[in-house]
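Numbering-wise (my numbering), the sequence shown opens with residue 529 and increments by one. Everything below concerns the one structure shown next.
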Amino acid sequence: MELSCKNEYAILALVELAVHHVSGEPLQIRQIAAQQNIPDRYLEQLLAALRRGGLVRSQRGAKGGYILSREPWKINLLEVMNCLEGADAQMAEDDQLKTVENTVICEIWQEAHAASETVLQRYTLQDICEKRDARRQLDIMYYI
529 MELSCKNEYA
539 ILALVELAVH
549 HVSGEPLQIR
559 QIAAQQNIPD
569 RYLEQLLAAL
579 RRGGLVRSQR
589 GAKGGYILSR
599 EPWKINLLEV
609 MNCLEGADAQ
619 MAEDDQLKTV
629 ENTVICEIWQ
639 EAHAASETVL
649 QRYTLQDICE
659 KRDARRQLDI
669 MYYI
């Protein structure tokens, strides 16, 4: 599993929220962004996804912002990754690779690749020059 920029930023934001979890006071996007060096607009999108996934809660108002929905020790990194990327993303890809249809498509693609190699091996630079010259002769004949 690769750590994408999206996942890294989300984890950084959640860590910042975890640090302030004891106080119970929400953090505003600009505070988190400044502290973790995350672009504000991107962080806003990430926090919205994390909120939809149930990992954070938002509070409105002058002292509003974001807080963790549970204690920091009850949120694991797998939940964060699944929240952002979707739990089915890897499984769907793995399942797709195992289907008969996918296997057939891959085989046809390999056959097409092999066929194109065969065709390309068959023609030389000389063959290309001869074909070009033959076309030029045809074009001249049409203009006469």
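Glycine included, every Cβ here is placed at the ideal spot set by N, Cα and C.
CA-to-CA distance, M609 to Q508, given in whole angstroms: What the structure shows of the chain is the stretch from 529 to 672, and residue 508 is not part of that stretch, so it cannot be assessed.
Cβ-Cβ separation, A561 to L575 (assumed contact under 8 angstroms), whole Å: Wrong, their Cβ atoms sit about 10 angstroms apart, outside the cutoff.
Beta-carbon contacts of D667 that lie in its chain and below 7 angstroms, excluding the five residues immediately before and after: none
Every unbroken alpha helix (DSSP H) inside the stretch 531 to 579 [4 residues or more]: Complete alpha helix (DSSP H) runs here, min 4: 533 to 547 and 557 to 564.
For G593, the nearest candidate out of N630, N604 and R579 (CA to CA): R579
For L596, the first and last residue of its enclosing beta strand (DSSP E): G593 to L596
DSSP-derived helix/strand/coil call for R588: Coil, per DSSP.
T627, DSSP secondary structure in three states: Three-state DSSP puts T627 in coil, outside helix and strand.
Residue nearest to P600 in terms of C-alpha spacing, selected from Q665, Q573, A662 and H548: H548
Exposure of L605, with buried meaning 16 or more beta-carbon neighbours within 10 Å: exposed
Contact set for G582: own chain, Cβ-Cβ below 7 angstroms, skip 5 residues either direction: S597
6 angstroms CB neighbourhood of A546 in its chain, flanking five on each side removed: P600
Exposure of I603, with buried meaning 16 or more beta-carbon neighbours within 10 Å: The residue is buried, with at least 16 neighbouring Cβ atoms inside 10 Å.
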